[in-house]
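S.K.: Letter 40 of the sequence shown, counting from 1, is numbered 40 in our numbering, and no numbers are missing.
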Amino acid sequence: FDGNSDIFSQIFGDAFSGARGAGRSGDRRQPVQAADLNVTLDVTIEEAATADKVTAMFPDGRKMAVKLPAYVEDGQTIRLKGQGEQGPGQPGDALVKIHIRRHPRYRVEGRDLHADLPVALADAVLGAKVAVETPTGRLAVNVPAWSSSDKVLRLKGRGLPEKTGGHGDLYVHVRLMLPEGGDSELEALMRRQKG
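Okay, structure coming up:
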């Protein structure tokens, strides 16, 4: 039979030998890839702003520190190669969906953040430096004299990272605070002003 195969090869050339090779290779089974895993990862504003590492809990009980990309947004999916279901073939991937938690201090508008800043009445009238919490740390902000409750202070670059680089801004809304328990001197002054 091998002699006949040689004769066929001489007559038909590479086409015959290629067909035989294709038939053999077609019998090989491709390795089966295991299933992907879907994971939801809760992220704080501070973690999103600093591209921090966040611990993800997998359905199979595993824990993994996931490094956030420089730009991350709510609903975004990060693919971790080979971290899905394990099987006899290739492991699946982990599909990590980002969920940015609602923050007690910041309100998110695009890549900008908004926050309220309680300011004592005397500081609002006379002007003062007031500490403001930002996602990347505390910052001393100058509150101008005669700032009212509709005053908005813009802290440039203190918001969330932009896709094209840079950061959004943090807008601080002044909120006047009256003294707790009252202030007799302030009350007397207001009465005199009122006439």
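Don't be surprised by glycine CBs; every beta carbon is placed ideally from N, CA and C.
(1) When you compare the CB positions of K163 and N142, do they come within less than 8 Å of one another, or not?
(2) Check the C-beta distance from G87 over to A140 and give it rounded, since I have them as a contact under 8 Å.
(3) So what's F8 in DSSP terms, helix, strand or just coil?
(4) How many Å lie between P131 and R138 at the Cα?
(5) Ignore the nearest five residues each way along the sequence and tell me which others in Y106's own chain have a CB closer than 6 Å to its CB.
(6) What is the DSSP secondary structure of T40, counted as helix, strand or coil?
(7) Contact between the region 85 to 100 and the region 169 to 177: three or more CB pairs below 8 Å?
(8) To the nearest angstrom, how far is the alpha carbon of D52 from that of P144?
(9) Got a sec, what are the start and stop residues for the alpha helix (DSSP H) A94 sits in?
(10) Tell me whether the beta-carbon of V32 lies closer than 8 Å to the beta-carbon of H99.
(11) Comparing alpha-carbon positions, which option in L117, G61 and P135 lies nearest V152?
(12) Note down the Cα distance separating W146 from Q193, rounded to an integer number of angstroms.
(13) Mind reading off the beta-carbon distance from T202 to A48? Whole number of angstroms is fine, and I expect it under 8 Å.
M.R.: Straight from the coordinates:
(1) Against the sequence shown, residue 163 aligns to sequence position 163. Against the sequence shown, residue 142 aligns to sequence position 142. For the pair K163 and N142, the CB atoms are not nearer than the 8 Å cut-off.
(2) Translated into positions along the sequence shown, residue 87 becomes position 87. Translated into positions along the sequence shown, residue 140 becomes position 140. Contact between G87 and A140 is ruled out by a C-beta separation of about 56 Å, above the 8 Å threshold.
(3) Here residue 8 is taken as the residue at index 8 of the sequence shown, counted from 1. Its pLDDT being 48, under 50, F8 is placed unreliably in this model, and the coordinates cannot settle the point.
(4) Here residue 131 corresponds to residue number 131 of the sequence shown, with the count starting at 1. Here residue 138 corresponds to residue number 138 of the sequence shown, with the count starting at 1. Correcting the residue type first, residue 131 is Ala in the shown sequence and not Pro. For A131 and R138, the distance between alpha carbons rounds to 7 Å.
(5) For the purposes of this step, residue 106 is identified with residue 106 of the sequence shown, where counting begins at 1. The answer, listed in chain order, is I45, L113 and A115.
(6) The residue you call residue 40 lines up with position 40 of the sequence shown. DSSP places T40 within a strand segment (E or B) once states are collapsed to three.
(7) With the cut-off at 8 Å, the region 85 to 100 and the region 169 to 177 do not touch.
(8) Mapped onto the sequence shown, residue 52 falls at position 52. Mapped onto the sequence shown, residue 144 falls at position 144. In this model, D52 and P144 are separated by some 34 Å (Cα to Cα).
(9) Here residue 94 corresponds to residue number 94 of the sequence shown, with the count starting at 1. Run containing A94: none in the alpha helix (DSSP H); it sits in the beta strand (DSSP E), A94 to I100.
(10) Within the sequence shown, the letter at position 32 stands for residue 32. Within the sequence shown, the letter at position 99 stands for residue 99. H99 is positioned such that its CB atom lies no closer than 8 Å to that of V32.
(11) In the sequence shown, the residue the question calls residue 152 occupies position 152. For V152, the closest of L117, G61 and P135 by C-alpha to C-alpha distance is L117.
(12) Residue mapping note: residue 146 aligns to position 146 of the sequence shown, counting from 1. Residue mapping note: residue 193 aligns to position 193 of the sequence shown, counting from 1. Cα-Cα distance, rounded: 17 Å.
(13) With the chain running from 1 to 195 in the structure shown, residue 202 is simply not present.
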